[in-house]
Amino acid sequence: MKIAQRIQTIPPYLFAEIDKKKEEAIKRGINIINLGIGDPDQPTPNNIIEKLRESVKDPKTHDYPPYAGTAEFRQAVSLWYKNRFGVDLDPDKEVMALIGSKEGIAHIFLAFIDPGDFSLIPDPAYPVYKTGTLFANGFPYIMPLLEENGFLPDLEEIDEDIAQRAKL
Numbered sequence: 001m002k003i004a005q006r007i008q009t010i011p012p013y014l015f016a017e018i019d020k021k022k023e024e025a026i027k028r029g030i031n032i033i034n035l036g037i038g039d040p041d042q043p044t045p046n047n048i049i050e051k052l053r054e055s056v057k058d059p060k061t062h063d064y065p066p067y068a069g070t071a072e073f074r075q076a077v078s079l080w081y082k083n084r085f086g087v088d089l090d091p092d093k094e095v096m097a098l099i100g101s102k103e104g105i106a107h108i109f110l111a112f113i114d115p116g117d118f119s120l121i122p123d124p125a126y127p128v129y130k131t132g133t134l135f136a137n138g139f140p141y142i143m144p145l146l147e148e149n150g151f152l153p154d155l156e157e158i159d160e161d162i163a164q165r166a167k168l
């Protein structure tokens with residue numbers, strides 16, 4: 001079966017490539033300090049493990065959750081944003097539970113990028129920004145973050161046509 005062209009344009013996942021290099025270095029006896037994706041390097045605290053055990057016994061946890069997450073969770077997120085950032089969010093329209101941040105970031109490109117649109121992506125950046133753009137059949141426009149510009153993108157360097165076609 002032929003794989004879709006958009007899949008063939010996706011570069012290897014950066015963190016998987018870093019993991020390969022890390023494992024190779026460990027095999028060569030190099031002591032590694034892992035500054036990668038943030039996997040926990042400490043065991044899960046016992047109180048959390050106990051709460052998980054209790055939760056597994058509750059039949060209400062045996063079903064799939066509501067598609068947007070429980071109302072209680074969405075309200076808690078809305079309240080947290082209000083307390084932390086002073087931002088009001090409608091828990092029914094502006095808050096959604098996700099499997100993880102990567103899922104949400106990747107899907108946001110599908111919501112805003114049409115084929116042929118550009119997304120403006122800083123470099124360095126989280127790799128899923130480019131991948132999400134490519135999945136949406138858009139074009140990533142890479143903006144280097146350089147010391148001489150305070151590690152901010154130089155917006156004056158963006159071609160006018162690209163700026164007009166950029167959606168994110």
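Heads up: the sequence shown begins at 1 in UniProt numbering, then just goes up one per residue.
In this text, a Cβ means the ideal position worked out from N, Cα and C, and glycines have one as well.
All figures in this text were calculated on a predicted structure; none of them were measured in a lab.
query = For the 8 Å Cβ check, are there 3 or more pairs between the segment 95-111 and the segment 128-142?
reply = yes
key: Span separating the alpha-carbon of A16 from that of G36   = On the sequence shown, position 16 is the one that residue 16 refers to. On the sequence shown, position 36 is the one that residue 36 refers to. For the pair A16 and G36, the Cα-to-Cα distance works out to about 10 Å.
task = Mind checking which residues open and close the beta strand (DSSP E) that includes I121?
result = As a position in the sequence shown, residue 121 is number 121, starting the count at 1. Here the beta strand (DSSP E) through I121 covers 118-123.
query = With a CB to CB cut of under 7 Å and the five nearest residues on each side skipped, what residues in its chain are close to D88?
reply = Residue mapping note: residue 88 aligns to position 88 of the sequence shown, counting from 1. Hits under 7 Å: K82.
inquiry  = Would S119 and G138 be called neighbours here (beta carbons separated by less than 8 Å)?
reply    = The residue you call residue 119 lines up with position 119 of the sequence shown. The residue you call residue 138 lines up with position 138 of the sequence shown. It is a contact, given that the beta carbons lie within the stated cut-off.
Which of helix, strand or coil DSSP assigns to D81 = Locating residue 81 in the sequence shown gives position 81, counting from the first residue. Checking the sequence shown, residue 81 turns out to be Tyr, not Asp. Three-state DSSP puts Y81 in a helix.
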